[in-house]
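Undergrad: Have a look at the structure that comes next, please.
In the working numbering, the protein residues as written are 64 to 211.
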């Protein structure tokens, strides 16, 4: 796997996603159908019980599975989530905790890939997900969307 945080070429091939940047999610590594992303929890990542919000957890899992799929081929510019299932096992952590999401491709066809992901807080598995993604080889998808 390549470490995208220290590899400019890997970062150049990966699209910048403003929402992930706003949350503070960072790529740890990506390659050969596997990926890892991390987040240090801050107060704005928490829910009313002062633990990691489920939407933050699901976003990390969605991102890491898509990133694992994009690592399969150099011409893949993105992945669109077709379906995703997440099971929550325990609270995700509090302010200052480091969450680590790990994703891997289970099967890939020419345009669809099937992935699984896990989210960890230290040695505790917080959530597990499975997802189906469509490969996107072009980056001009937004131009095809007409405003409502």
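For each residue, glycine too, the CB sits at the ideal point set by N, CA and C.
Buried or exposed: where does residue 165 fall if 16 or more other Cβ atoms within 10 Å of its Cβ makes it buried?
TA: Locating residue 165 in the chain shown gives position 102, where the first residue counts as 1. Buried, because 16 or more other Cβ atoms sit within 10 Å of the Cβ of residue 165.
Undergrad: Say whether the segment 147-162 touches the segment 113-132, bearing in mind that this needs 3 or more beta-carbon pairs closer than 8 Å, one atom from each stretch.
TA: Contact between the segment 147-162 and the segment 113-132 is present, because at least three Cβ pairs lie under 8 Å.
Undergrad: Report whether the distance from the Cβ of residue 83 to the nearest heavy atom of the ligand SAM is below 8 Å.
TA: Among the ligands in the structure shown, none appear at all, so the ligand SAM cannot be discussed.
Undergrad: Tell me whether residue 53 is buried or exposed, calling it buried when 16 or more other Cβ atoms sit within 10 Å of its Cβ.
TA: What the structure shows of the chain is the stretch from 64 to 211, and residue 53 is not part of that stretch, so it cannot be assessed.
Undergrad: For the putative contact between residue 199 and residue 143, defined by C-beta atoms under 8 Å, what is the C-beta separation to the nearest angstrom?
TA: To locate residue 199, count along the chain shown from 1; it is residue 136. To locate residue 143, count along the chain shown from 1; it is residue 80. Residue 199 to residue 143, Cβ: 6 Å. Contact.
Undergrad: Could you check the C-alpha separation between residue 150 and residue 206 for me, to the nearest Å?
TA: Position 87 of the chain shown, counting from 1, holds the residue named residue 150. Position 143 of the chain shown, counting from 1, holds the residue named residue 206. Going by the C-alpha atoms only, they are around 35 Å apart.
Undergrad: Could you check whether residue 97 and residue 168 sit closer than 9 Å to each other, using their CB atoms as the reference points?
TA: Looking up residue 168 in the chain shown gives position 105. Looking up residue 97 in the chain shown gives position 34. Yes, Cβ-Cβ distance for residue 168 and residue 97 is below 9 Å.
Undergrad: Taking residue 92 as the reference, give the member of 208, 176, 133 and 172 with the closest Cα.
TA: Translated into the one-based positions of the chain shown, residue 92 becomes position 29. Checking every option, the nearest Cα to that of residue 92 belongs to 133.
Undergrad: For residue 114, which of helix, strand or coil comes out of DSSP?
TA: For the purposes of this step, residue 114 is taken as the residue at position 51 of the chain shown. If DSSP states are grouped into helix, strand and coil, residue 114 belongs with coil.
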